[in-house]
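Enquirer: Mind the numbering: the sequence shown is residues 29 to 248 in this note's numbering, read in order. Supplied in structure tokens, the structure appears directly below.
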Amino acid sequence: MNSKLIAPSVLAADFGNLQRDIEMINKSEADWFHIDIMDGVFVPNISYGMPVLKAIAKHAKKTIDVHLMIIDPDRYIKEFAELGSNILTVHYEACTHLHRTIQAIKAEGMKAGVAINPHTNVDLLKDVIKDLDLVLVMSVNPGFGGQSFIENTYSKVRQLKEMIVNHSASALIEVDGGVTDKNAAKLVKAGADVLVAGSYVFKAKDQLETIKGLKKIANS
Ligand code: DX5
Ligand code: ZN
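Here it is, written out as structure tokens:
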């Protein structure tokens with residue numbers, strides 16, 4: 029069985045001490061850096077953009093997992109590759125020609141992911157599932173950290189896992205939003221491979237121990 033991965037969300041970091049928080053992730057048992065890019069149009073919030081990602085990439089020593097919450101992401105695929113993104117995830121709801129977008133991401137040498145909002149049925153990914161490296165299941169409505177986990181996520185993850193197995197596909201399932209020690213075990217049992225955690229990690233007194241604990245729950 030492959031080991032389950034932990035991806036701290038940098039959105040919840042202290043931006044005044046960004047390098048310190050990046051080094052904390054480098055030192056920790058976390059596997060990926062989860063980077064949330066928001067445009068204020070697809071989601072009702074603006075996070076950070078290219079210059080900040082560039083600064084993060086300079087110090088980050090682990091896989092950079094970029095979650096684009098922007099409309100018309102095709103405009104920036106090349107730039108995100110050049111900035112050091114290893115995985116680029118676009119939203120199903122933001123792409124008219126999703127298949128083309130996935131191919132364009134791969135053509136730039138990145139792994140391709142598709143994210144689905146809480147209201148989006150997993151069945152809509154059936155025709156592209158074999159092309160995907162990752163499916164990101166939103167377990168809150170995208171736009172903000174610190175929201176509470178939507179319980180319907182477990183059943184979505186189970187359905188998605190079944191689809192992946194039935195199609196002999198190899199996409200990883202990533203769950204993003206409201207992940208804590210309270211839901212991690214059940215998410216992994218449902219089929220999740222990667223757990224994103226923002227506030228749960230960064231609001232903790234001992235962030236290294238919190239990551240270690242989550243990793244342990246996910247792999248036990
Ligand atoms: C929300 C973002 C998440 C967010 C998760 O739109 O996609 O990655 O940072 O934060 P928490 O873990 O605090 O819900
Ligand atoms: Zn995210």
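C-beta: ideal position from N, C-alpha, C; glycine also. Since the structure is predicted, the reported quantities are computational estimates derived from the model, not experimental observations.
Are the segment 35–45 and the segment 230–247 touching by the rule of at least three beta carbon pairs closer than 8 Å?
Expert: The segment 35–45, when compared against the segment 230–247, does touch it at the 8 Å Cβ threshold.
Enquirer: Taking three-plus beta-carbon pairs below 8 Å as touching, is the segment 190–202 in contact with the segment 154–172?
Expert: Yes, they touch.
Enquirer: Which class does Asp100 belong to by DSSP, given the choice of helix, strand or coil?
Expert: As a first step, residue 100 is located in the sequence shown; it is residue number 72 there, counting from the start. In this structure, Asp100 counts as coil in the three-state DSSP scheme.
Enquirer: Out of His119, Asn30, Gly173 and Glu57, state which residue places its alpha-carbon closest to the alpha-carbon of Asn73.
Expert: Position 45 of the sequence shown, counted from the start, is the residue given in the question as residue 73. The residue with the shortest Cα to Cα distance from Asn73 is Gly173.
Enquirer: What are the boundary residues of the alpha helix (DSSP H) that includes Pro79?
Expert: The residue labelled residue 79 in the question sits at position 51 within the sequence shown. Unbroken alpha helix (DSSP H) run through Pro79: Met78 to His87.
Enquirer: Whole angstroms is fine: what's the gap from Leu188's alpha carbon to Val150's?
Expert: For the purposes of this step, residue 188 is taken as residue 160 along the sequence shown, with counting starting at 1. For the purposes of this step, residue 150 is taken as residue 122 along the sequence shown, with counting starting at 1. When rounded, the distance between both Cα atoms is 6 Å.
Enquirer: If you count every other CB in all the chains shown that lies within 10 Å of the CB of Gln235, and 16 or more means buried, which is it?
Expert: Position 207 of the sequence shown, counted from the first residue, corresponds to residue 235. So Gln235 ends up on the buried side.
Enquirer: Evaluate Val224 with the Cβ neighbour count: other Cβ atoms within 10 Å of its Cβ, from every protein chain shown; 16 or more gives buried, anything less gives exposed.
Expert: In the sequence shown, residue 224 corresponds to position 196, counting from 1. So Val224 ends up on the buried side.
Enquirer: For a quick check, are the C-beta atoms of Phe177 and Gly141 less than 8 Å apart?
Expert: For the purposes of this step, residue 177 is taken as residue 149 along the sequence shown, with counting starting at 1. For the purposes of this step, residue 141 is taken as residue 113 along the sequence shown, with counting starting at 1. No, the pair does not count as a contact, with Cβ atoms beyond the cut-off.
Enquirer: Start and end of the beta strand (DSSP E) containing Gly241?
Expert: Residue 241 sits at position 213 when you count from the first residue of the sequence shown. Element bounds for Gly241: not the beta strand (DSSP E) but the alpha helix (DSSP H), Gln235 to Ala246.
Enquirer: Round the Cβ separation of Asp102 and Trp60 to the nearest angstrom and send it over; I've been treating them as touching at under 8 Å.
Expert: Against the sequence shown, residue 102 aligns to sequence position 74. Against the sequence shown, residue 60 aligns to sequence position 32. Wrong, their Cβ atoms sit about 23 Å apart, outside the cutoff.
Enquirer: Going by the CB atoms, is the gap between Ile84 and Ile115 shorter than 8 Å?
Expert: Mapped onto the sequence shown, residue 115 falls at position 87. Mapped onto the sequence shown, residue 84 falls at position 56. No, these two residues do not count as a Cβ contact at 8 Å.
Enquirer: Tell me the residue span of the alpha helix (DSSP H) that contains Val193.
Expert: Residue 193 sits at position 165 when you count from the first residue of the sequence shown. Here the alpha helix (DSSP H) through Val193 covers Thr181 to Asn194.
Enquirer: Exposed or buried, what is Gly137 when buried is set at 16 or more other beta-carbons lying within 10 Å of its beta-carbon?
Expert: Your numbering for residue 137 matches position 109 in the sequence shown. Exposed: under 16 other Cβ atoms inside 10 Å.
Enquirer: Is the CB-CB distance between Asp67 and Ile105 below 8 Å?
Expert: Residue numbering aside, residue 67 sits at position 39 when the sequence shown is read from its first letter. Residue numbering aside, residue 105 sits at position 77 when the sequence shown is read from its first letter. Result no, Cβ atoms of Asp67 and Ile105 do not sit closer than 8 Å.
Enquirer: Determine the direct distance from the alpha carbon of Ser113 to that of Glu57, and round the result to whole angstroms.
Expert: Here the question's residue 57 lines up with position 29 in the sequence shown. Here the question's residue 113 lines up with position 85 in the sequence shown. The alpha-carbon atoms of Glu57 and Ser113 are separated by roughly 20 Å.
Enquirer: With respect to 7 Å, is the separation between the Cβ of Ser37 and the closest non-hydrogen atom of the ligand ZN below this value?
Expert: Start at 1 with the first residue of the sequence shown, and residue 37 comes out as number 9. Yes, the Cβ of Ser37 comes within 7 Å of a heavy atom of the ligand ZN.
Enquirer: With burial defined as no fewer than 16 other Cβ atoms inside 10 Å of the residue's Cβ, what is the status of Phe108: buried or exposed?
Expert: Working through the sequence shown from its first residue, we reach residue 108 at position 80. It counts as buried.
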